[in-house]
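**Q**
Residue numbers (UniProt numbering): 1 to 240.
Next up, the structure:
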């Protein structure tokens, strides 16, 4: 449940993409269960994989591994950490299937319902995401976001020349939407990129965390919601 409110009622909602409009942990888990077993919660399993993925990326960047080798490295290390080693062919198959699932994302019914509700209530909706343009746009198309947010309001770091949390990217979005910073609400899962970035740009913000971290307490200055329905409820409270 959101734990802070404000007396203002801004009307422009800017959504992050990854781990906000869909869950990477859910997509990864749906791939994993075809190849292994675990008692770990979905988000903990994904966090373990993400750690190996970061490690593999560093090895790729410094020339230790090729790109293909880095993809195998992260999957191999995950299964070995879980004491479930596989043949190399299985690691390749797993990687291919995971990429395929990431290319065929689906927006949840709850998000569909609540994005429609926010539109009915007169909110101006937009996207602000870090990442490569083609990759992020492919995910947005797969999710069917154009049914709720027009393409001209999809703002991607690769296209704007800056990344969250840099103030310049927030200012660019304000200018492109022709709105004042006081009208903007950043909704996302990243404490640093979304919350701190928004704060430093004088935007409002709502942290979207399906799996709220215990490190964030009720004393935080950022409201926290854990579902699309809770987001709509929180925004309604701001108007009341």
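The beta-carbon is built from N, C-alpha and C at its ideal position, and this holds for glycine as well. Since the structure is predicted, the reported quantities are computational estimates derived from the model, not experimental observations.
With DSSP as the reference, label residue 205 as helix, strand or coil.
**A** strand
**Q** Just list the residues that DSSP pairs residue 18 with in beta bridges.
**A** 22
**Q** How long is the line joining the alpha carbons of residue 19 and residue 87, rounded to whole angstroms?
**A** Approximately 30 Å, taken between the alpha carbons.
**Q** For residue 145, which three-state DSSP category applies?
**A** helix
**Q** Please look up how many angstroms separate the CB atoms of residue 116 and residue 148, rounded, as I've assumed it's under 8 Å.
**A** At roughly 7 Å, the Cβ-Cβ gap stays under 8 Å, so residue 116 and residue 148 are in contact.
**Q** In chain order, what residues of the same chain have a beta carbon less than 8 Å from the beta carbon of residue 73, not counting five sequence neighbours either side?
**A** Taking C-beta separations shorter than 8 Å and ignoring five residues to either side along the sequence, the partners of residue 73 in its chain run 52, 55, 56, 59, 65, following chain order.
**Q** From what residue to what residue does the beta strand (DSSP E) around residue 45 run?
**A** Counting along the chain, residue 45 falls outside any beta strand (DSSP E), though it belongs to the alpha helix (DSSP H) covering 42 to 61.
**Q** So, with DSSP's three-state summary, where would you put residue 88?
**A** helix
**Q** Using alpha carbons as the reference points, say which of 43, 151, 129, 208 lies closest to residue 157.
**A** 129
**Q** Only counting the same chain, and skipping five residues up and downstream in sequence, which positions put a Cβ closer than 6 Å to that of residue 7?
**A** For residue 7, the predicted structure reports a pLDDT of 44, less than 50, and the residue's modelled location is therefore unreliable. A value from the coordinates is still provided. Correct list: empty, nothing qualifies.
**Q** Are the beta-carbon atoms belonging to residue 94 and residue 31 less than 8 Å from one another?
**A** yes
**Q** Name the two residues that bound the continuous alpha helix (DSSP H) containing residue 169.
**A** 167 to 177
**Q** Taking the DSSP output, what are the residues bridged to residue 155?
**A** BP columns for residue 155 point to 128.
**Q** Since residue 197 is in the alpha helix (DSSP H), which residue starts that stretch and which ends it?
**A** For residue 197, the enclosing alpha helix (DSSP H) has its first and last residue at 197 to 200.
**Q** Tell me the DSSP secondary structure of residue 234 in three-state form.
**A** helix
**Q** Give me the Cα-Cα distance between residue 46 and residue 204, rounded to the nearest whole angstrom.
**A** 29 Å
**Q** Opposite residue 13 in the DSSP bridges: which residues?
**A** 125, 185
**Q** First and last residue of the alpha helix (DSSP H) that includes residue 164?
**A** Counting along the chain, residue 164 falls outside any alpha helix (DSSP H), and DSSP gives it neither H nor E.
**Q** Identify every residue that forms a DSSP beta bridge with residue 224.
**A** 207
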